[in-house]
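Novice: Chains as they are written, first to last, in this note's numbering: chain A, 2 to 219; chain B, 7 to 249; chain C, 14 to 252.
Each residue gets a CB set at the ideal place from its N, CA and C atoms; glycine is no exception.
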Amino acid sequence: MIQSFGWQSVQFLFHGLVWTVGLSLCTFVGGGIFGLLFAIARSLGPNWLRALVAGYIQLVQATPLLIVVFLSYYGLSFLGFYFPPLAAAAISLTIYATAFLADIWRGCIEAIPRTQWEAADALALSPFQRLRYVILPQAFQISLGPTVGFMVQIVKNTSVTALIGFVELTRAGQLLNNMTFQPFHVFLTVAAMYFVVCYPLSWWSEKLKERKHAGTAH
Amino acid sequence: MPALRIENLKKSYGNVPVLKGINLAVENGDVVAVIGRSGSGKSTMLRCINGLEPFQEGTIEVVGHKLDQSRANLRELRKEVGMVFQSYNLFPHLSVAENITLAPRVVKGLPRDEGSALVREVLSRVGLAEKADAYPDELSGGQQQRVAIARSLAMKPKVMLFDEVTSALDPELTGEVLKTIAQLAEAGMTMVLVTHEMGFARRVATRTVFMHQGTVWEEGKSEEIFTHPKTPELKNFIAPDLK
Amino acid sequence: MAYEMNFTPVLARTPELISGTIDTLILSSQSIGIGLTIGLAAALLRVDGPKWGAVVSATYVEAFRNTPLLVQLFLLFFGLPYMGIRLTANEAAIFAISLNLGAYSAEIFRAGLLAIPKTQIEAGLALGLSRLQVMRYVVIIPALRIIYPSLTGQLTLTLLGTSIASAISATELTLAGAKIESQTFRSLETFLVLAAIYITMTFVFRFLYWLVGLWLFRRRVPKTGSAAATLTLPREVES
Numbered sequence: 002m003i004q005s006f007g008w009q010s011v012q013f014l015f016h017g018l019v020w021t022v023g024l025s026l027c028t029f030v031g032g033g034i035f036g037l038l039f040a041i042a043r044s045l046g047p048n049w050l051r052a053l054v055a056g057y058i059q060l061v062q063a064t065p066l067l068i069v070v071f072l073s074y075y076g077l078s079f080l081g082f083y084f085p086p087l088a089a090a091a092i093s094l095t096i097y098a099t100a101f102l103a104d105i106w107r108g109c110i111e112a113i114p115r116t117q118w119e120a121a122d123a124l125a126l127s128p129f130q131r132l133r134y135v136i137l138p139q140a141f142q143i144s145l146g147p148t149v150g151f152m153v154q155i156v157k158n159t160s161v162t163a164l165i166g167f168v169e170l171t172r173a174g175q176l177l178n179n180m181t182f183q184p185f186h187v188f189l190t191v192a193a194m195y196f197v198v199c200y201p202l203s204w205w206s207e208k209l210k211e212r213k214h215a216g217t218a219h
Numbered sequence: 007m008p009a010l011r012i013e014n015l016k017k018s019y020g021n022v023p024v025l026k027g028i029n030l031a032v033e034n035g036d037v038v039a040v041i042g043r044s045g046s047g048k049s050t051m052l053r054c055i056n057g058l059e060p061f062q063e064g065t066i067e068v069v070g071h072k073l074d075q076s077r078a079n080l081r082e083l084r085k086e087v088g089m090v091f092q093s094y095n096l097f098p099h100l101s102v103a104e105n106i107t108l109a110p111r112v113v114k115g116l117p118r119d120e121g122s123a124l125v126r127e128v129l130s131r132v133g134l135a136e137k138a139d140a141y142p143d144e145l146s147g148g149q150q151q152r153v154a155i156a157r158s159l160a161m162k163p164k165v166m167l168f169d170e171v172t173s174a175l176d177p178e179l180t181g182e183v184l185k186t187i188a189q190l191a192e193a194g195m196t197m198v199l200v201t202h203e204m205g206f207a208r209r210v211a212t213r214t215v216f217m218h219q220g221t222v223w224e225e226g227k228s229e230e231i232f233t234h235p236k237t238p239e240l241k242n243f244i245a246p247d248l249k
Numbered sequence: 014m015a016y017e018m019n020f021t022p023v024l025a026r027t028p029e030l031i032s033g034t035i036d037t038l039i040l041s042s043q044s045i046g047i048g049l050t051i052g053l054a055a056a057l058l059r060v061d062g063p064k065w066g067a068v069v070s071a072t073y074v075e076a077f078r079n080t081p082l083l084v085q086l087f088l089l090f091f092g093l094p095y096m097g098i099r100l101t102a103n104e105a106a107i108f109a110i111s112l113n114l115g116a117y118s119a120e121i122f123r124a125g126l127l128a129i130p131k132t133q134i135e136a137g138l139a140l141g142l143s144r145l146q147v148m149r150y151v152v153i154i155p156a157l158r159i160i161y162p163s164l165t166g167q168l169t170l171t172l173l174g175t176s177i178a179s180a181i182s183a184t185e186l187t188l189a190g191a192k193i194e195s196q197t198f199r200s201l202e203t204f205l206v207l208a209a210i211y212i213t214m215t216f217v218f219r220f221l222y223w224l225v226g227l228w229l230f231r232r233r234v235p236k237t238g239s240a241a242a243t244l245t246l247p248r249e250v251e252s
């Protein structure tokens, strides 16, 4: 039992940090896969599919993440499924990240000039080949900065799952605070740990955006 | 007392001197053309006169307001000095009338109901009386530049500075702007123009200053400067125009 | 085992839902007012201030953008008493959300300020305007126009982010919902109703931002023959 804030506390928080990073990676992979499919469907699909995906993006972006998390955790378990906090956390964050990544990537796909499509057409590429060899590689370049920027949001958003009892970094901080009653030390350390993960990502994102601007200047 | 007096003006960017001690006096009603190659410091000197560029040494005096390195008196001086830029720099979100009345209103406290009279007065001087309600993006480059001149006139400046005001214009639009400036000259406005229009400088300017390597290399009556250049640098510079 | 939805017990608590919604609107508008003021000040300090000001501003922005709002809330609500500052849950919520929005909006404002050409500022100065007057009359409206979409997007995120304040029991909609959920055991229904209310609020606000935008940038569209109009022509011919 930890009684006051010290080296043991930092180790305890570090375990939480590992879960935060793990959950962030799951979310990024899940949100990335669905986000890409949704982005393609949103910008290139038939009209009904575009409308459906647009509706999904609009609704999720207009709902607080905390409500999405609660709906997954409390709500769906009543439908007969039981979700342990980890699964509920991963599912709700994936639902959330999918909407935002799909929106970001749709913008990147639509930023590719029409002339590129025409050039690919003129070379007799099939629709799939057009995407695979001409459009997506260019959209990928543009998307790097915003995507890394959104990874920062994902890492920070995992903290909300503390409120359904998933023991990641923030929840670990709450537990530690209940043991030590030293909230200032505890939460400052928690904040510092998030910062150590997020700041390099933010910095990298800015670099990528600058490089993009430098690239388009020519 | 001269309308504008520059004494020993020195400026450098880091270790690179751009102005190496400029002395210049402009009398009331003078029209001074400043010519020279790019990099000779002529635009920098003009930008120093109304404080857009800080400088390290010397003083600039306009109708009794003295500007030095301390940059005190800066706004007092700017109220007396109008400036027109190469890229017009009209405010895109304001109409022509609003562009013109902005500074008189907020700097000099011009009452709102006197605004439209002022707009009419200065616009008629640049021949654009009917454009008061237009927005900058509805005007041609030449018209925008004339509005910029009107905007500057609205502050009733004692001295006006023109920084290569026709360089960004198509040749067919240059004429209307030069004509407007010539009319101001006739009306007795004291002006300093940095320009590449040699013919215009020779015709309209009472005096011409040739700048070279950050100094006033040669100056005198415009006719004199263009017909009897003394230094080889000036001869070289104006040679193509004399052919 | 099929689960039967029953909204009746939740809807019976409509008065609480309404007052929760009002509390959320109050919390949001207070935080937005303070947050945007902080953001503008931080942006000006960074762009136009002395060197130390730029360092202070950048440190603040990075610290708040790279840590979660929930942790900021905990730090201010549980941690500040350690320094002798005791805040109510609602005060801590306003404080944390404002500082959070301040950091994000500072970056947005900064982008807007930097997007205005330097020549516009020089033209204002040359006309005798003070730096403050140049900001007010020359820079703000065109800059606001450039950043308006990202700024209003951020305000939406702030509105939705207030739900996190329920974690320290600040009075707002999600707390009201949590109370209803714990008493009716109708979790799915409760949170669906909350989601519907938040979605409605978001759409209403987006519409209001659009109206405000129309008013703020009420300049008419250029009449004819603009370059943009001619450039888009070939596209339309094709489709």
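(1) Can you tell me where the alpha helix (DSSP H) with Gly42(B) in it begins and where it stops?
(2) What does the alpha-carbon distance come out to for the pair Leu114(C) and Ile35(C)?
(3) Taking DSSP as the reference, what is the three-state secondary structure of Tyr141(B)?
(4) Rounded to whole angstroms, what's the CA-CA distance from Arg118(B) to Arg111(B)? Just pull it up for me.
(5) Could you check whether the Cβ of Ser93(B) sits closer than 8 Å to any Cβ belonging to chain C?
(6) In its own chain, which residues sit with a C-beta less than 7 Å from the C-beta of Ser173(B), not counting the 5 before and 5 after it?
(7) With a threshold of 8 Å between beta-carbons, can Val84(C) be considered close to chain B, or not?
(8) Taking 7 Å as the cut-off, is the CB of Gln139(A) close to at least one heavy atom of the ligand SAM?
(9) Quick one: grab the DSSP three-state call for Phe167(A).
(10) Which word fits Trp8(A), buried or exposed, when buried means at least 16 other C-beta atoms lie within 10 angstroms of its C-beta?
(11) Any idea if Ala180(C) is buried or exposed, counting beta-carbon neighbours within 10 angstroms, 16 or more meaning buried?
(12) Show which residues of chain B have a CB atom less than 9 Å away from the CB atom of Ala128(C).
(13) Which of the three DSSP states is assigned to Tyr19(B) in this structure?
(14) Apart from the five residues on each side of it in sequence, which residues of its chain come closer than 8 Å, Cβ to Cβ, to Thr217(A)?
(15) Buried or exposed for Thr187(C), please, with buried defined as at least 16 other CB atoms from any protein chain shown within 10 angstroms of its CB.
(16) Using a beta-carbon distance below 8 Å, is Gly141(C) in contact with chain B?
(17) Output the distance between the C-alpha atoms of His219(A) and Gly226(B), rounded to the nearest integer angstrom.
(18) So Arg26(C) is in the alpha helix (DSSP H); what residue range does that whole segment cover?
(19) Ends of the alpha helix (DSSP H) at Glu104(B)?
(20) I'd like to know whether the C-beta of Val165(B) is nearer than 8 Å to at least one C-beta of chain C.
(21) Mapping DSSP to helix, strand and coil, what is His186(A)?
(22) Got a sec? Which residues, its chain only, sit under 6 Å from Leu116(B) by beta carbon, not counting five neighbours each side?
(23) Name the residue from Trp204(A), Gln183(A) and Thr159(A) whose alpha carbon lies nearest to the alpha carbon of Phe29(A).
(24) My understanding is that Gln146(C) touches Ala109(C), with C-beta atoms under 8 Å, so please give their C-beta distance in whole angstroms.
(25) If you check the beta carbons only, do Thr221(B) and Ile28(B) fall under 8 Å apart?
(26) Our contact map puts Val153(B) next to Leu199(B) with C-beta atoms below 8 Å; I'd like the distance itself, whole angstroms only.
(27) Evaluate Asn79(C) with the Cβ neighbour count: other Cβ atoms within 10 Å of its Cβ, from every protein chain shown; 16 or more gives buried, anything less gives exposed.
(28) Helix or strand or just coil, what does DSSP make of Arg11(B)?
(29) Give the C-beta separation of Thr50(B) and Leu83(B) to the nearest angstrom, bearing in mind that I take them to be a contact with Cβ-Cβ under 8 Å.
(30) At a cut of 8 Å, does the segment 190–199 of chain A reach the segment 161–174 of chain A through at least three beta carbon pairs?
(31) Please report how far the alpha carbon of Trp228(C) lies from the alpha carbon of Val152(C), in whole angstroms.
(32) For Thr3(B), count neighbouring C-beta atoms within 10 Å of its own C-beta (all shown protein chains included) and say buried if the count is 16 or more, exposed if not.
(33) Going along the chain, which residues of its own chain have a beta-carbon closer than 7 Å to the beta-carbon of Gly57(B), five neighbours each way excluded?
(34) Select from the segment 52–79 of chain A all residues with a C-beta closer than 7 Å to any C-beta belonging to chain C, and list them in chain order.
(35) Once the 5 residues before and after Arg53(B) are set aside, which same chain residues still bring their CB inside 6 Å of it?
(36) Can you list, in chain order, the residues of its chain whose CB lies under 6 Å from that of Thr65(B), leaving out five sequence neighbours each side?
Specialist: Looking at the coordinates:
(1) Secondary structure note for Gly42(B): it is in no alpha helix (DSSP H), with a DSSP letter that is neither H nor E.
(2) Leu114(C) and Ile35(C): Cα-Cα distance of roughly 20 Å.
(3) In the structure shown, Tyr141(B) sits in coil (DSSP, three-state: anything other than H, G, I, E or B).
(4) Taking the straight line joining both Cα atoms gives about 7 Å.
(5) It does; some Cβ of chain C falls within 8 Å.
(6) So the list reads Gln92 and His202, once near-sequence residues are dropped.
(7) Taking Cβ atoms only, chain B never reaches closer than 8 Å to Val84(C), which makes this a no.
(8) The ligand SAM is absent from the structure shown, which contains no ligand whatsoever.
(9) DSSP, reduced to helix, strand and coil, places Phe167(A) outside both helices and strands of the structure shown, so it counts as coil.
(10) Under this definition Trp8(A) is an exposed residue.
(11) Ala180(C) comes out buried.
(12) Those do not exist, as Ala128(C) stays about 12 Å from chain B at its closest Cβ, beyond 9 Å.
(13) The three-state reading of DSSP puts Tyr19(B) in strand, counting E and B together.
(14) Its pLDDT being 49, under 50, Thr217(A) is placed unreliably in this model, and the value from its coordinates should be taken loosely. Its chain contains no residue whose beta carbon lies nearer than 8 Å to that of Thr217(A) once the 5 sequence neighbours on both sides are disregarded.
(15) Of the residues assessed, Thr187(C) falls on the buried side of the cut-off, its CB having 16 or more other CB atoms within 10 angstroms.
(16) Among the residues facing chain B, Gly141(C) is included, as its CB has a counterpart in that chain under 8 Å away.
(17) Reliability fails at His219(A), whose pLDDT of 38 lies under 50, so the model's placement of it is uncertain and the value that follows must be treated cautiously. Spanning the two alpha carbons is a distance of roughly 45 Å.
(18) For Arg26(C), there is no enclosing alpha helix (DSSP H), as DSSP marks it with neither H nor E.
(19) Glu104(B) -> alpha helix (DSSP H) spans Val102 to Lys114.
(20) No, because no Cβ of chain C sits closer than 8 Å to the Cβ of Val165(B).
(21) Here DSSP, grouped into helix, strand and coil, assigns His186(A) to helix.
(22) Closer than 6 Å at Cβ, skipping near neighbours: Pro110.
(23) Among Trp204(A), Gln183(A) and Thr159(A), the Cα nearest to that of Phe29(A) is on Thr159(A).
(24) Contact annotation, Gln146(C) with Ala109(C): C-beta distance approximately 35 Å; criterion of less than 8 Å not satisfied.
(25) Contact flag set, yes.
(26) 18 Å between Cβ atoms; not a contact.
(27) Buried, because 16 or more other Cβ atoms sit within 10 Å of the Cβ of Asn79(C).
(28) Arg11(B) falls in the strand class under three-state DSSP.
(29) Contact flag wrong, Cβ pair sits at about 17 Å.
(30) With a cut-off of 8 Å, the segment 161–174 of chain A and the segment 190–199 of chain A count as touching, because enough Cβ pairs lie within range.
(31) Cα to Cα, Trp228(C) sits roughly 18 Å from Val152(C).
(32) Nothing in the structure corresponds to residue 3(B), since chain B is present only between 7 and 249.
(33) Excluding residues within five positions, the ones whose Cβ falls inside 7 Å are Leu73, Arg77, Leu80, Leu83 and Arg84.
(34) Across the segment 52–79 of chain A, CB contacts with chain C closer than 7 Å involve Leu60, Ala63, Thr64, Pro65, Leu67, Ile68, Phe71, Leu72, Tyr75, Gly76 and Phe79, in sequence order along the chain.
(35) These residues qualify, in order along the chain: Glu59.
(36) Glu13, Lys72 and Asp74.
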